[in-house]
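Notes for the one structure printed next.
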Amino acid sequence: MSWDRDPFERFRNSTRARIGLGRAGDALPTSAILDFQLAHARARDAVHGRVDFVALAKELAPASTIRIRSCATDRTVYLARPDLGRQPLAADLPVPGNSHDIAFVIADGLSASAVERHAVPLFKACMKRLGGFSIAPVILGEQARVAFGDEAAAAFGAEVAIVLIGERPGLSVPDSLGAYITFRPQAGRRDSERNCISNIHADGLSYEMAADKIVWIVREALRLQLTGVDLKENAEGTAKVLFHEEPL
Numbered sequence: 018m019s020w021d022r023d024p025f026e027r028f029r030n031s032t033r034a035r036i037g038l039g040r041a042g043d044a045l046p047t048s049a050i051l052d053f054q055l056a057h058a059r060a061r062d063a064v065h066g067r068v069d070f071v072a073l074a075k076e077l078a079p080a081s082t083i084r085i086r087s088c089a090t091d092r093t094v095y096l097a098r099p100d101l102g103r104q105p106l107a108a109d110l111p112v113p114g115n116s117h118d119i120a121f122v123i124a125d126g127l128s129a130s131a132v133e134r135h136a137v138p139l140f141k142a143c144m145k146r147l148g149g150f151s152i153a154p155v156i157l158g159e160q161a162r163v164a165f166g167d168e169a170a171a172a173f174g175a176e177v178a179i180v181l182i183g184e185r186p187g188l189s190v191p192d193s194l195g196a197y198i199t200f201r202p203q204a205g206r207r208d209s210e211r212n213c214i215s216n217i218h219a220d221g222l223s224y225e226m227a228a229d230k231i232v233w234i235v236r237e238a239l240r241l242q243l244t245g246v247d248l249k250e251n252a253e254g255t256a257k258v259l260f261h262e263e264p265l
């Protein structure tokens, strides 16, 4: 067996991680160096790429969409000023109207490729499980970070915001999508008040499994009136509420 010659091969067949790369003299083999450089280039492309929101809106049909920019005027500003990426541009926000149970926000984040590959399939998988809920028009967030979804979803009177966003790319996976769920989104929400499901991509969490987790959290959030560190999952499939003032 080849494993007898290379004990690391079985591990490499199970993960994208760089394991047992070998050596050529006192350096890495040329193939390993080139692979690393390619992965680094893909990660940079993911960060600096732009989501085609026009095409994305067509893929989301028949769901209605609204495009909202952040206060970051371009990608350079977005990367240098995270605070501006958290703020929706006031001119793009709709006039407050009817309230909704759920607002989806699809934000470019730090990986355009993650959004273009995974956001629509995940959204559709979630929608199959959300019968009976009122859903706001899908918010397409340009140059947006996670907290962008708070104020954007609040403009639609949403009880729960679901932000699907491109995660910071790594050297193994440049197209990982994350989902952040926030109960009663509003400006000023802390990250500790959200629940996160990450690592959604072809070699990670599947759309179906991610959708199951997202919808479970949404239902528990509405039942318990909270999200974040106080909302925990247990093996029985019901939520635990942890109150920090009680001794552990």
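Going by this note's numbering, the letters in the sequence shown line up with residues 18 to 265, in that order. Quick reminder that beta carbons are idealized off the backbone N, C-alpha and C, glycines included.
Local Cβ density within 10 Å of residue i, reported as buried at 16 or more and exposed below that
i	result
residue 225	exposed
residue 27	exposed
residue 39	exposed
residue 91	exposed
residue 137	buried
residue 125	buried
residue 104	buried
residue 155	buried
residue 235	buried
residue 114	exposed
residue 44	exposed
Sequence-distant residues of its chain with Cβ nearer than 7 Å to residue i (five each side left out)
i	result
residue 25	36 and 37
residue 129	63, 66, 67, 68 and 183
residue 32	none
residue 98	89
Span separating the alpha-carbon of residue i from that of residue j
i	j	result
residue 255	residue 237	At residue 255 the pLDDT is 47, less than 50, meaning the model places this residue with poor confidence and gives no usable figure here.
residue 199	residue 232	12 Å
residue 82	residue 120	11 Å
residue 271	residue 86	Beyond the ends of the chain as shown, which are 18 and 265, falls residue 271; an answer cannot be given.
residue 66	residue 164	21 Å
residue 57	residue 49	12 Å
residue 108	residue 168	13 Å
residue 180	residue 148	19 Å
residue 84	residue 41	52 Å
residue 160	residue 211	20 Å
residue 213	residue 52	31 Å
residue 216	residue 111	32 Å
residue 209	residue 54	36 Å
residue 162	residue 93	14 Å
residue 34	residue 188	9 Å
residue 197	residue 76	22 Å
residue 260	residue 246	Residue confidence for residue 260 is low, a pLDDT of 46 falling below 50, so the modelled location carries little weight and cannot support an answer.
residue 223	residue 46	34 Å
residue 72	residue 117	25 Å
residue 141	residue 80	10 Å
Three-way DSSP call (helix, strand, coil) for residue i in this model
i	result
residue 248	strand
residue 206	coil
residue 137	helix
residue 187	coil
residue 87	strand
residue 196	strand
residue 99	helix
residue 239	helix
residue 211	strand
residue 118	strand
residue 50	helix
residue 31	coil
residue 181	strand
residue 166	helix
residue 55	helix
residue 161	coil
Residues near residue i in its chain [Cβ-Cβ closer than 8 Å; skip 5 each side]
i	result
residue 29	36 and 37
residue 143	121, 179, 228, 231 and 232
residue 218	131, 134, 135, 190, 192, 193 and 194
residue 220	33 and 190
Cβ-based neighbour list, residue i, same chain, cut-off 6 Å, excluding 5 preceding and 5 following
i	result
residue 185	127
residue 171	202 and 203
residue 23	none
residue 277	Outside the shown range of the chain (18 to 265) lies residue 277, about which nothing can therefore be said.
Min CB distance residue i to chain B below 7 Å
i	result
residue 46	Note that chain B does not occur in the displayed structure, where there is just one protein chain.
(request) Please go through the segment 57-83 and give each complete alpha helix (DSSP H) segment of 4 or more residues, from N-terminal end onward. (result) 70-77
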